[in-house]
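Mapped onto this note's numbering, the consecutive letters of the sequence shown carry residue numbers 1 to 898.
Here a beta-carbon is modelled for each residue, glycine too, at the ideal position from N, C-alpha and C.
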Amino acid sequence: MDSGNLVVSDEDQGNHAEKILWQSFANPTDTFLPGMKMHDNLALTSWSSYEDPSPGNFSFEKDQGENQYIIWKRSIRYWKSSVSGKFVGTGEMSTAISYLLSNFTLRVSPNNTVPFLTSSLYSDTRLVMNYWGQLQYLKMDSEKKWLLVWVEPRDRCSVFNACGNFGTCNSKYDSMCKCLPGFKPNSIESWNAGDFSGGCSRRTNVCSGDANSDTFLSLKMMKVGNPDAQFNAKNEDECKLECLNNCQCYAYSYQENEEARQGDSKDAVCWIWSEDLNNLEEEYEDGCDLHVRVAFSDIESTGRSCGTCGTNFIPYPLGTGPNCGDPKYFSFHCNISTGELDFETPAGIYPVISINSETQKFLIHRENALYCDRSDKFLVLNQSFPFHFTGNCYADPSTFSSNAPLKHGIEIELSWQLPLEPICSSLLDCEDWPNSTCNTTSDGKKRCLCNKNFLWDGLKLNCTLESNHSYQSERHLSLPKITVITFTTVISLILLSTTACIYLRKRRQAKTQESKGYVQKNSGINFYDSERYVRDLIESGRLKEDDAQAIDIPHFHLESILDATNNFANSNKLGQGGFGPVYKGKFPGGQEIAVKRLSSCSGQGLEEFKNEVVLIAKLQHRNLVRLLGYCVEGDEKMLLYEYMPNRSLDAFIFETNVMCHAPNGLQDRKLCVVLDWDVRFKIILGIARGLLYLHEDSRLRIIHRDLKTSNILLDEEKNPKISDFGLARIFGGKETVANTDRVVGTYGYMSPEYALDGHFSVKSDVFSFGVVVLEIISGKRNTGFYQVEHELSLLGYAWHLWKEGRAMEFMDQTVCQTCNADECLKCVNVGLLCLQEDPNERPTMSNVVFMLGSESNTLPSPKEPAFVVRRCPSSRASTSSKLETFSRNELTVTIDGR
1 MDSGNLVVSD EDQGNHAEKI LWQSFANPTD TFLPGMKMHD NLALTSWSSY
51 EDPSPGNFSF EKDQGENQYI IWKRSIRYWK SSVSGKFVGT GEMSTAISYL
101 LSNFTLRVSP NNTVPFLTSS LYSDTRLVMN YWGQLQYLKM DSEKKWLLVW
151 VEPRDRCSVF NACGNFGTCN SKYDSMCKCL PGFKPNSIES WNAGDFSGGC
201 SRRTNVCSGD ANSDTFLSLK MMKVGNPDAQ FNAKNEDECK LECLNNCQCY
251 AYSYQENEEA RQGDSKDAVC WIWSEDLNNL EEEYEDGCDL HVRVAFSDIE
301 STGRSCGTCG TNFIPYPLGT GPNCGDPKYF SFHCNISTGE LDFETPAGIY
351 PVISINSETQ KFLIHRENAL YCDRSDKFLV LNQSFPFHFT GNCYADPSTF
401 SSNAPLKHGI EIELSWQLPL EPICSSLLDC EDWPNSTCNT TSDGKKRCLC
451 NKNFLWDGLK LNCTLESNHS YQSERHLSLP KITVITFTTV ISLILLSTTA
501 CIYLRKRRQA KTQESKGYVQ KNSGINFYDS ERYVRDLIES GRLKEDDAQA
551 IDIPHFHLES ILDATNNFAN SNKLGQGGFG PVYKGKFPGG QEIAVKRLSS
601 CSGQGLEEFK NEVVLIAKLQ HRNLVRLLGY CVEGDEKMLL YEYMPNRSLD
651 AFIFETNVMC HAPNGLQDRK LCVVLDWDVR FKIILGIARG LLYLHEDSRL
701 RIIHRDLKTS NILLDEEKNP KISDFGLARI FGGKETVANT DRVVGTYGYM
751 SPEYALDGHF SVKSDVFSFG VVVLEIISGK RNTGFYQVEH ELSLLGYAWH
801 LWKEGRAMEF MDQTVCQTCN ADECLKCVNV GLLCLQEDPN ERPTMSNVVF
851 MLGSESNTLP SPKEPAFVVR RCPSSRASTS SKLETFSRNE LTVTIDGR
């Protein structure tokens, strides 16, 4: 039918009428069209993946008990409408979408925010429950292109109860979840691993009987789950008192409209929550003022604590004003009207994300920064400043969907020094610190100094009793005894250090397995993060089960992997490489994994295996594939990775081209539209950020040496993950270029100085990145492209069009309609800069990230790139048409099949 409804009917001979036996409008899959009606028994079910139309994990339906809509992730409520800061109206379900779902029967009164709605406005529209959990409303424009109009959940915090009960969410930051002040994670292990679903629980129970034992957090602009009760209140004090007198009341919110503010109290409403608070989100537009009940002792650790500011607890000695905290730590400012906490430095003012009083650390957000630069003037704090950069710096999260704008910013972790004794002016100021007295110190300041036999503990923030034994012995140690003990200790340390250095030097020169055993037996000395130790472990001739303690990831037993992969069944096989096969597996808890199994006949596999298990274990970045663990048992050696359902990048950008231009007209509707320009640009930027981390920001400077589209994996949200570190090399802090007699890599991606002379550096990866960028833009393989007229390679063709001012013709025709011309030209420009013949003329990855993220279109002009004319591989090469080929010659390359 013209409506899109597929109907199966049977003609009733007696009544000369058609009887409908089945229709698609009553049995939808993942799509809702105008003319359908969302009733209690109708549900949209997502696909399993891009290519698999079988029922997936997500379904959208109308709640049978409440007037709202819900997205389920299997049996878990993933998103629901009618949850908002004001607890009224349609909440997060747009009126226009509700009108569509009701088959245009919903009564809608037009106003300033809701236009007059008619069914004619919904022609060429559809509602889709996609496979990664988003409900999308799409409309076709005049160019027959689907445009995204509305989507939910729109970000990470839109997911229902994303941070669990009593956990608050802020989608602006990478560290999106934290417990409310006075609460702690129910499972600190899960919380640290990024699983916040378990939520938080109170540190101290409320309603202990003492009228003054409880107080309320004052939270501004909050979203929260629906309340359990409501009543009209004359003023906020009445609302607060009602909650305080009810031990079952966990929170309240008092809201008055304009009539109530003018004296009509019947319109002032007091909302009461008697169950655990869920679906909390801060800095929520049109959110409410929420007051959460907590034990007073949980937010007032000392009399001089500054209490709370919004969702942050400010522990002593941190200060927000002259009346609280230690004056030396007075660098924080609380905006009472918004609940926002800021940290002030000589370089500027930065929002505070969270504060951890137990570790004396806090996170701040720095906007308009693309990456973490150790030379940043902000990170070089004044030595007299009691705050210090911990070395941990995080980039902002990838967007929840490809349609959201990219955010620029970093999160910086700072720590504070343990404080000295508190400042005082009289004896009364020391009442909060028992066993102390206000006395003048050597610097002329008055402090609450501990009494005799007590010592100040800056961690516990009190005077602790000193051991009588140690106190007396230390007081009676004579000067000669101290001198003898000190001299003896120093001589012993010198002899021990000299002996250890001589022994380690001999063992290192021998490069035997004994050196590795020595380090492991002395594992109390943490050499595992050192560059030298990682090199020694990789260069050793074997990898045994005994090496587990030197590797930072879990070791899995072979039996558990056999169970997960069904004994490496062929049905679970994902692919085959030179190292061996890769299998899909699933642990009993439901976690999906990819298992890379080292083949016994692989000549290069052991070295690659050791490279990956040692190097990736020390790398953590959202644009690098995550290594979950490894297995070494007998002859079996395996690596366990996070499973990527979207496969590798090459499968999309190259296979898409083939399928979208198939001569028989058959098309894959998913692959043809999935990688539009916005997605491709996000992938280019993500790969750049991952390489920047490897080159400059990781614990070990690493050169990948085999960057190509088949080594870029895509997660469920199409975020890129760099994989396959088998050929990677560590670079020392002062190294800039290295040589090798054994060139390894993939033909078409290797830089000229590496392929021809064996010289490699970070600029070798930059060259490979340039090739990948041009392949993403054009949708064509570099190794499979040949421009007959000018005998040009893909790189040469790009340069030819760039010189003639026709660079837009280089764009993949399947996405040219969605392309942002300025971004496309910028990417072609950056790609050609990365492909310069002279490595010194190629930009660093930090410059690449800056150029891609900059709004300026003024970039350096590239010169003619390397490999402009299509050439055959070097005569030194040993090649094959197989996917992966390894040899024991001087040059080893990989040839990707055309």
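Cβ pair residue i, residue j closer than 9 Å
i	j	result
residue 629	residue 553	yes
residue 350	residue 412	yes
residue 569	residue 593	no
residue 31	residue 151	no
residue 217	residue 338	no
residue 847	residue 681	no
residue 802	residue 828	yes
residue 637	residue 609	yes
residue 782	residue 748	yes
residue 645	residue 49	yes
residue 430	residue 419	no
residue 318	residue 296	no
residue 126	residue 206	no
residue 466	residue 558	no
residue 706	residue 793	no
residue 81	residue 33	no
Nearest residue (CA-CA) to residue i, options the options
i	options	result
residue 859	846, 825, 837, 839	825
residue 255	12, 287, 247	287
residue 643	223, 584, 590	584
residue 831	864, 184, 215, 819	864
residue 303	364, 588, 432	432
residue 364	409, 385, 346, 324	409
residue 201	194, 185, 214, 808	185
Three-state class that DSSP yields for residue i in the structure shown
i	result
residue 191	helix
residue 955	Residue 955 cannot be examined here, being either before or after the span of the chain that is shown, 1 to 898.
residue 388	strand
residue 436	strand
residue 823	helix
residue 677	helix
residue 320	coil
residue 143	coil
residue 638	strand
residue 490	helix
residue 170	coil
residue 137	strand
residue 424	coil
residue 818	helix
residue 841	helix
residue 215	strand
For residue j and residue i, the rounded distance between their alpha carbons
i	j	result
residue 714	residue 649	6 Å
residue 164	residue 278	6 Å
residue 560	residue 196	26 Å
residue 306	residue 191	26 Å
residue 746	residue 148	39 Å
residue 635	residue 806	56 Å
residue 275	residue 414	36 Å
residue 12	residue 21	11 Å
residue 899	residue 137	Since the first residue of the chain shown is 1 and the last is 898, residue 899 is not available in this structure.
residue 392	residue 842	29 Å
residue 322	residue 330	8 Å
residue 774	residue 867	14 Å
residue 754	residue 501	37 Å
residue 199	residue 494	52 Å
residue 105	residue 25	17 Å
Proximity test, residue i beta-carbon vs the ligand SAM heavy atom, cut-off 8 Å
i	result
residue 492	Judged by which ligands are present, the structure shown has none, so any question about the ligand SAM falls away.
Ignoring anything shorter than 3 residues or poking outside the region 222-257, list the beta strand (DSSP E) runs there in chain order. Taking only runs of at least 3 residues, the beta strand (DSSP E) segments lying wholly in the region 222-257 are 229-232, 251-255.
Ignoring anything shorter than 4 residues, give me the alpha helix (DSSP H) runs that lie fully in the region 550-624, in order along the chain. DSSP assignment within the region 550-624 yields the following whole alpha helix (DSSP H) runs of 4 residues or more, N-terminal first: 558-564, 605-615.
Please give the ranges of any alpha helix (DSSP H) in the region 273-313, keeping only runs that are unbroken, at least 4 residues long and fully inside the region. 296-299
4-residue-minimum alpha helix (DSSP H) runs that sit fully inside the region 743-810, ordered along the chain: 752-757, 762-778, 794-803
Ranges of the beta strand (DSSP E) found wholly within the region 24-77, counting only runs of at least 3: Restricting attention to beta strand (DSSP E) runs no shorter than 3 residues, the region 24-77 encloses them at 43-47, 55-62, 69-73, ordered along the chain.
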